[in-house]
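Read the structure below first, then the notes.
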Amino acid sequence: MVAARSRWPYICRRVPKAVDIRGVRRRFRIPRGLFGAEETVLALDGIDLSIEEGSFVALIGPSGCGKSTLLRIVAGLDTPDEGTVEVAARARGEVAYVFQDAHLLPWRSVAANVALPLELRGVPREERDAKVLQALEEVELSDAATRYPAELSGGMRMRASIARALVTRPKLLLMDEPFAALDELTRQRLDERLLALWREHHLTVLFVTHAIFEATFLAERAVVLSGRPAHVVHDAAVELPAVRTAATRGEPAFARAAGTLLAALDQGPG
Amino acid sequence: MVAARSRWPYICRRVPKAVDIRGVRRRFRIPRGLFGAEETVLALDGIDLSIEEGSFVALIGPSGCGKSTLLRIVAGLDTPDEGTVEVAARARGEVAYVFQDAHLLPWRSVAANVALPLELRGVPREERDAKVLQALEEVELSDAATRYPAELSGGMRMRASIARALVTRPKLLLMDEPFAALDELTRQRLDERLLALWREHHLTVLFVTHAIFEATFLAERAVVLSGRPAHVVHDAAVELPAVRTAATRGEPAFARAAGTLLAALDQGPG
Amino acid sequence: MSTSRSFVAITLPPFVAAVVALAVWEGAARALSVPAYLLPPPSAVASAAVGDASALAGACVTTGLASLVGFLASAVIGVAVAIGLASSRIVERGLYPYAVALQTVPIVAIAPLLVLWCGAGPRAVAASAFIVSVFPVITNSLAGIRAVEPALRDLFTLYGASRSQVLFKLELAHAAPQIATGLRIACGLSVIGAIVGEFVAGFSEGSPGLGILVMTSYRQLRTDLLFAAVGCSALLGMLMFGMVSAASSLVLRRWYVAAR
Amino acid sequence: MSTSRSFVAITLPPFVAAVVALAVWEGAARALSVPAYLLPPPSAVASAAVGDASALAGACVTTGLASLVGFLASAVIGVAVAIGLASSRIVERGLYPYAVALQTVPIVAIAPLLVLWCGAGPRAVAASAFIVSVFPVITNSLAGIRAVEPALRDLFTLYGASRSQVLFKLELAHAAPQIATGLRIACGLSVIGAIVGEFVAGFSEGSPGLGILVMTSYRQLRTDLLFAAVGCSALLGMLMFGMVSAASSLVLRRWYVAAR
Amino acid sequence: SRKEPDGGKPTPTTATRVKVQLNWVPEPEFGGIYAAREGGAYDKAGLAVEILSGGPASPVVQVVAGGQADFGVAGADDVVIARARGVDLVAVFGTFQTNPQGVMVHSARNIASLADLKSGTLALEPGLPFGMFMKKKYGFAGATLVPYDGGIAKFLADPNHSQQCYVTSEPIAVKKKGETPKVFLGADLGFNPYANVIVTRGAMLREKRETVRAFVAASAEGWRRYLDDPTAANAAMAKRNTAMDAETFAAAAAAQKPLIEADEAKKSGLGVMTEARWARLAADLVELGVITKAPAATECFADVQTVTK
Ligand SMILES: Nc1ncnc2c1ncn2[C@@H]1O[C@H](COP(=O)(O)OP(=O)(O)OP(=O)(O)O)[C@@H](O)[C@H]1O
Ligand SMILES: Nc1ncnc2c1ncn2[C@@H]1O[C@H](COP(=O)(O)OP(=O)(O)OP(=O)(O)O)[C@@H](O)[C@H]1O
Ligand SMILES: [Mg+2]
Ligand SMILES: [Mg+2]
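Protein chains in written order, with this note's numbering: chain V, 446 to 715; chain P, 446 to 715; chain Y, 101 to 360; chain A, 101 to 360; chain B, 84 to 392.
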């Protein structure tokens, strides 16, 4: 068993950390009225979370609790009001992020959107094209490569966005409900492909999802957040064999593990 | 058993139709290059679908097959290239649509966004406020009423969008993956609340979802589309008791019904 | 507290910039020995401004009023025309080029018509301010209306919104930031339009405007006074710009929640 | 096929509008018997244009070149200034008001400086065209850059984009439609700026521009020729507008995929 | 407007309201009109006169012809051109007997005759008959022609710049800057139309002859007064033209005096005009190609002697 509620076990065992979050608190200020009046929303309330290199962690929690905020903080796109965040892979191009919305550039074709991170890194065109092609295949979007975002369905847009994250083969992959807009079967195929990539490239994945079964299937470890203000209410390994196949979904252990998560979600005061 | 592949049974039994779709075909033209060159994408390929008044129909299909296109056509926002669509409730304000993306007006607060359809109908302010309050409660968003869309989480935005659709108490409710961005528990609560509203107000609901369990739980009848170009590959009643409760999810019949749908989805050539 | 701090944050930078610019100008005027009748040092301009303060003040009022009227007309009519043009592609294609044409017409060329229709004096001057400043309002409003996302239009269609509801609750609301951009451009143009209008329309019994002051001081080589008058026109422009900016940042606070 | 059809769709409406406008104008000029020295009927303008065709053509070339140069300078420098202003709120707050000031300066007031720095003739005229037309480019580009969605900025930050990558691949790309709007406003302004520049700093011999022609015909009460010259300036403006529109609809096709 | 019971100016309810459109801002060249107003000459004549100041591009001809003003101040050449274009405009008072337009050059250039002006820049107002006449007569080959902008900054900045001028204005301003330019007066070189003539509509002259007569007579009286002592009128004008100081007002008034009170005027009265000079102007304009057909000289003006009788 890898994870625990406190961060001490990691330090004792000196496993390299991909992400180390300590006491992170984030409060949003919402200005109202003309004279500086403001409301505040406490999104994260003292989050501690260490993620080992190479692990696959699912992050679950009620809607609006602060999951996206936490991911943004890990990605360095937002800064906590209190607490510290250390990210090992914060080298250029080593973090990838699938945002909750697709956030494609509307003036670029799908292929050009997927190529963006490589372009920004200065990868030469030929290499780029090959990688883009592969990423598009991974998300089953090869035949829409020349289309523009406005010509895609919702699920296709999300898949383009996923391809954009995968194309860099990042060290740390942050995914915010990446498969929510996909049908069950596509989703399962992508789940499996993601697992394969994770294993092959030794990625560290932090994966937000609302689908308990998906979390159970994918993750080594699941972290459940409470309702806002979010704190960790459950943080434990998923009790399933390390290598999972389509058949895993049918096993009783799978249903049990999923049940544990659902129960944890239910406990966290909304 | 209510539904069949052909439309004749309905006509024989003279059940009033909320929606009657015959032979609908929709082809998108994607202009490329300067000289009028274009690609075409056949999204819908001869769809026949009749929906009785007061029924709850789930629509399932692979990503990018044409579900949203079909909903847009039913809503009158898009016109088919071939075929006819008749909608009984096409009176002002009697159709509501939860788009796949939230599509809130960014310059309006949540409450003002939800009030929009009432405002457009000229409902007086007091009545409006009461209804908005109720709709926000239904989606558990009362405490974010004064916030602006940019200050919401993804799931909260979708809930605001759902509240905007529910606030008019429409005759025909079109929902395009409304709950995809919500956590399991919130989703189940909203599922149940939607069922209650459906029963109470005799709505007709056409509900796109990727969650097979959700479709099974909610719908009287499930329609499965094939991959693009979409045609109907399965159209049958969900073999479960009419009144469903949280307990229904645990019954073996539930798993069986869900299995049927999954199989149908799997058959439709991608 | 936070308001007073933001007040400082807004007024300090232009003030600092002004001080720096004036210092550089004064230094350059002295160091490069550009003759004062071409580019007087700011100190000379300031003393001219003090010396002719009452004339400048009167001129500011005259020109300021005319440009304000012209600007308001531009705002109202410009947005209205944009709405008309937005109503159909054919109307837009047919008429938009003529809006461009309007902008290229030298005021002097239509001076007789202006005076004929508006009479000599403030009305003609305001009309000139209007003609010069209306086009950016039209163009920006039109671009803003055209940029409304189709999905939001669908929403309004679905709920059976009337044409005027779509206009006010969607199109104009959505275009508001871009309309504000158009108005920002229009305020400076309305001032220059008023000044040019004075060149052709003259003035009657009221106090002469900045345009007249510019012409007379130019002719008399009172370059210090000329620059003071130009400075006043710049101040008028900035004042209107400030007003538009303040009004738009008040009204448009909601539009920019995302950008905080 | 589809191209030729769309060509017709684009050129027909303004043509029809022109025919209607001319007919109304001719009718009004005759019916209301507005004296020809105030508003000549289009037929008189046309015959003046034919009579002085070579002078008009030469003037169009002279003024057209100057305004084109001024316009291009506005496009390049305007966008560059907007990029500078966008780099920080403080810079923007400090300097933006002075861009407004620039716009309110009557060209005549700085004519001697223009001539001193650029020499009389085409350079000074182009400089005038530039001064008059640069502000809308700045304002619209700045607004466009400022309107980039924070989420897209995040994306670029995440992938370690350099400042220049953010600028070219995100900010300018995103602002492109609004920059095009600014350029649309600038083209008419650059023509009027050139004409006004010719009033004070052009050459009146050799190939005098439209500004000189306007002054001459105004002076000599040749209202028909005056209107012909004004018509030429309008055509120049429309031509540039058409070029900007065509270029932007070519370049920006991708930006408007959603709006089809 | 009603009468104030005590104090205040009695507003003559019977006064005829007329407007006069100037072609420039208040300066000594309009001194007589302001003197007539300030000194009460218009009041005495039963006229309530509103003076509309102009600017550099005032459309005086159109304003008067269109009826927005009853009288205007324009050049004699404007009147001939207007008549040639079918505008019914008539000159009724020829203020400047000697045309004040000239060309000024830097004296350091030692240019003895305009024929020697063959280099540098020369600013002439495009389309202005005066400039066209000079150009035709002297050619100015080698000089660059640029538009005249009404100022003298370019002149001071560039020793090779020459420009058209009003002898009553620019040379005085240049002198104030410590330089004495050499001025070639157009009148001495063969171009001498009346300047700053008072014009009115032909219809006005026919239908309201009495008003025209009263206005011209009062204006003549104003000019007489102004020539004798310009101080009061100058002060009134200075209020509306703050850029010009009192000294310049005085200098300009002094400089223009001989141009207004030329021999002809001394003999026959201020504002007198002769058919011969109008005919000469019309012929010159035809020759310059400004107009194609000369209007009859008698149509262009109404002799002040007959009008005021
Ligand atoms: N920019 C912001 N300004 C103000 N409040 C914000 C902002 N961003 C997020 N919040 C608030 O912070 C809380 C957490 O938001 P967050 O997006 O992290 O939720 P989430 O867990 O991702 O929810 P979901 O599952 O619905 O996406 C919410 O209550 C939201 O309203
Ligand atoms: N405006 C458009 N222009 C061109 N093609 C379009 C357009 N809208 C949709 N399409 C294409 O039509 C097909 C069906 O799209 P639609 O949005 O209906 O799919 P969907 O079933 O809703 O998929 P998802 O589950 O991913 O939302 C897709 O292949 C899409 O690329
Ligand atoms: Mg989220
Ligand atoms: Mg869809």
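Every residue gets a Cβ at the ideal spot worked out from N, C-alpha and C, and that includes glycine.
Proximity test, residue 486(V) beta-carbon vs ligand 1 heavy atom, cut-off 7 Å | As a first step, residue 486(V) is located in the first sequence; it is residue number 41 there, counting from the start. Yes, the Cβ of residue 486(V) comes within 7 Å of a heavy atom of ligand 1.
May I have a chain-ordered list of the beta strand (DSSP E) segments no shorter than 3 residues that lie completely inside the stretch 268-320 of chain A?
-> Listed in chain order, nothing qualifies, since the stretch 268-320 of chain A has no complete beta strand (DSSP E) run of 3 or more residues.
At 7 Å on the CB atoms, spell out the chain A contacts of residue 520(V), in chain order.
-> Here residue 520(V) refers to the residue found at position 75 of the first sequence. Neighbours of residue 520(V) on chain A, chain order: 258.
Taking any Cβ of chain Y, which residues in the stretch 322-341 of chain A have a Cβ under 9 Å from it, in chain order?
-> Flagged, chain order: 323, 326, 327, 329, 330, 331, 333, 334, 335, 336, 337, 338, 340 and 341.
Between residue 224(B) and residue 201(B), which are expected to be in contact by the criterion C-beta below 8 Å, what is the C-beta distance as a whole number of angstroms?
-> What you label residue 224(B) is simply residue 141 of the fifth sequence in a count that begins at 1. What you label residue 201(B) is simply residue 118 of the fifth sequence in a count that begins at 1. With a Cβ gap of about 6 Å, residue 224(B) and residue 201(B) count as contacting.
Would you call the stretch 672-688 of chain V and the stretch 461-473 of chain P touching, i.e. three or more CB-CB distances under 8 Å?
-> With a cut-off of 8 Å, the stretch 461-473 of chain P and the stretch 672-688 of chain V do not count as touching, because too few Cβ pairs lie within range.
Beta carbon of residue 648(V) nearer than 8 Å to that of residue 642(V) | As a first step, residue 648(V) must be located in the first sequence, where it is residue number 203. As a first step, residue 642(V) must be located in the first sequence, where it is residue number 197. It is a contact, given that the beta carbons lie within the stated cut-off.
Nearest to residue 233(B) by alpha carbon, out of 215(Y), 315(Y) and 187(Y)?
-> Sequence index remark: in the fifth sequence, residue 233(B) carries index 150 (1-based). Selected option, being the one with the closest Cα: 315(Y).
Using a C-beta cutoff of 8 Å, does residue 222(Y) count as contacting chain B?
-> Counted from its first residue, the third sequence places residue 222(Y) at position 122. So no, residue 222(Y) is outside the interface.
Which of helix, strand or coil DSSP assigns to residue 475(V) = The residue given as residue 475(V) occupies position 30 in the first sequence. It is a strand residue.
Does the separation of the CB atoms of residue 602(P) and residue 516(P) fall below 8 Å?
-> To locate residue 602(P), count along the second sequence from 1; it is residue 157. To locate residue 516(P), count along the second sequence from 1; it is residue 71. No, Cβ-Cβ distance for residue 602(P) and residue 516(P) is not below 8 Å.
beta-carbon residue 673(V) near ligand 1 non-hydrogen atom, thresh 7 Å = Start at 1 with the first residue of the first sequence, and residue 673(V) comes out as number 228. Residue 673(V): yes, Cβ under 7 Å from ligand 1.
For residue 351(Y), which residues of its own chain have a beta-carbon under 6 Å away from its beta-carbon, when the five flanking residues on both sides are left out?
-> As a working note, residue 351(Y) is residue 251 in the third sequence. Same-chain partners within the cutoff: there are none.
Please state if the CB of residue 278(B) and the CB of residue 193(B) are separated by a distance shorter than 8 Å.
-> What you label residue 193(B) is simply residue 110 of the fifth sequence in a count that begins at 1. What you label residue 278(B) is simply residue 195 of the fifth sequence in a count that begins at 1. By the CB criterion at 8 Å, residue 193(B) and residue 278(B) fall outside the cutoff.
Just the Cα atoms here: how many angstroms apart are residue 180(A) and residue 323(B)?
-> Numbered from 1 along the fourth sequence, position 80 holds the residue referred to as residue 180(A). Numbered from 1 along the fifth sequence, position 240 holds the residue referred to as residue 323(B). Approximately 44 Å, taken between the alpha carbons.
Residues in the stretch 108-140 of chain Y with C-beta within 9 Å of chain B's C-beta atoms, listed in sequence order?
-> For the stretch 108-140 of chain Y, the residues whose beta carbon sits under 9 Å from a beta carbon of chain B are, in order, 135, 137 and 138.
Between the stretch 540-552 of chain P and chain V, which residues of the former have CB atoms less than 8 Å from a CB of the latter, in chain order?
-> Per Cβ criterion, the list reads 545 and 546.
When the distance is taken between beta carbons, is residue 662(P) closer than 8 Å to residue 701(P)?
-> Looking up residue 701(P) in the second sequence gives position 256. Looking up residue 662(P) in the second sequence gives position 217. Going by beta carbons, residue 701(P) and residue 662(P) fall outside the 8 Å limit.
Interface residues of the stretch 483-508 of chain P facing chain V [CB-CB below 9 Å] = Shown in chain order are the members of the stretch 483-508 of chain P whose Cβ falls below 9 Å from a Cβ of chain V: 484, 486, 488, 505, 506, 507 and 508.
Candidates 312(B), 248(B) and 333(B), of which the one nearest residue 186(B) by Cα | Position 103 of the fifth sequence, counting from 1, holds the residue named residue 186(B). Here the closest residue by C-alpha is 248(B).
Between the Cα of residue 292(Y) and the Cα atoms of 247(Y), 117(Y) and 332(Y), which residue gives the shortest distance?
-> Position 192 of the third sequence holds residue 292(Y). Out of 247(Y), 117(Y) and 332(Y), 332(Y) has the C-alpha closest to the C-alpha of residue 292(Y).
What do you reckon, are the CB atoms on residue 666(P) and residue 682(P) nearer than 8 Å?
-> Here residue 666(P) is taken as the residue at index 221 of the second sequence, counted from 1. Here residue 682(P) is taken as the residue at index 237 of the second sequence, counted from 1. Remark: C-beta atoms of residue 666(P) and residue 682(P) approach each other more closely than 8 Å.
Output, in chain order, the set of chain A residues within a Cβ distance shorter than 7 Å of residue 291(Y).
-> Numbered from its first residue, the third sequence carries residue 291(Y) at position 191. From the beta-carbon of residue 291(Y), the residues of chain A found nearer than 7 Å are 204.
So, does the CB of residue 597(P) fall closer than 8 Å to a CB anywhere in chain Y?
-> Within the second sequence, the letter at position 152 stands for residue 597(P). No, its Cβ sits nowhere closer than 8 Å to a Cβ of chain Y.
Looking only at DSSP bridge pairs, what is residue 679(V) linked to?
-> As a first step, residue 679(V) is located in the first sequence; it is residue number 234 there, counting from the start. Per DSSP, 669(V).
The stretch 646-677 of chain V: which residues have C-beta closer than 8 Å to a C-beta of chain P, in chain order?
-> Residues of the stretch 646-677 of chain V that bring their beta carbon within less than 8 Å of a beta carbon in chain P comprise 655, 656 and 657, in sequence order.
Write down the C-beta distance between residue 233(A) and residue 286(A) rounded to the nearest angstrom, noting that I regard them as a contact closer than 8 Å.
-> Numbered from 1 along the fourth sequence, position 133 holds the residue referred to as residue 233(A). Numbered from 1 along the fourth sequence, position 186 holds the residue referred to as residue 286(A). That pair is a contact at about 4 Å.
Rounded C-alpha distance that separates residue 616(V) from residue 195(Y) = Along the first sequence, one-based indexing puts residue 616(V) at 171. Along the third sequence, one-based indexing puts residue 195(Y) at 95. Rounded to whole angstroms, residue 616(V) to residue 195(Y) spans 57 Å at the Cα level.
Between residue 171(Y) and chain A, is there a C-beta pair that is closer than 8 Å?
-> Your numbering for residue 171(Y) matches position 71 in the third sequence. Not a single C-beta of chain A is nearer than 8 Å to the C-beta of residue 171(Y).
From the DSSP output, in three-state form, read off residue 585(V) for me.
-> Start at 1 with the first residue of the first sequence, and residue 585(V) comes out as number 140. Note: residue 585(V) maps to coil in three-state DSSP.
Pick from 363(B), 384(B), 296(B) and 383(B): whose alpha carbon is nearest that of residue 216(B)?
-> Sequence index remark: in the fifth sequence, residue 216(B) carries index 133 (1-based). Selection 363(B), 384(B), 296(B) and 383(B) evaluated against residue 216(B) yields 363(B) as nearest (Cα-Cα).
Please list, in chain order, all residues of the same chain as residue 133(B) whose beta carbon is under 6 Å from its beta carbon, the five residues on each side excluded.
-> Taking the fifth sequence and counting its residues from 1, one reaches residue 133(B) at position 50. Apart from sequence neighbours up to five positions away, the residues of its chain that approach residue 133(B) with a beta-carbon distance below 6 Å are 102, ordered along the chain.
From the beta carbon of residue 562(P), is the nearest beta carbon of chain Y less than 8 Å away?
-> Here residue 562(P) corresponds to residue number 117 of the second sequence, with the count starting at 1. Taking Cβ atoms only, chain Y reaches closer than 8 Å to residue 562(P), which makes this a yes.
heavy atom of ligand 3 below 7 Å from residue 506(V) C-beta | For the purposes of this step, residue 506(V) is taken as residue 61 along the first sequence, with counting starting at 1. Residue 506(V): no, Cβ never under 7 Å from ligand 3.
Kindly indicate which three-state DSSP category residue 598(V) falls into: helix, strand or coil?
-> Your numbering for residue 598(V) matches position 153 in the first sequence. Note: residue 598(V) maps to coil in three-state DSSP.
N- and C-terminal bounds of the alpha helix (DSSP H) containing residue 521(V) | Mapped onto the first sequence, residue 521(V) falls at position 76. Counted as a single uninterrupted DSSP element, the stretch harbouring residue 521(V) is not any alpha helix (DSSP H), since DSSP gives it neither H nor E.
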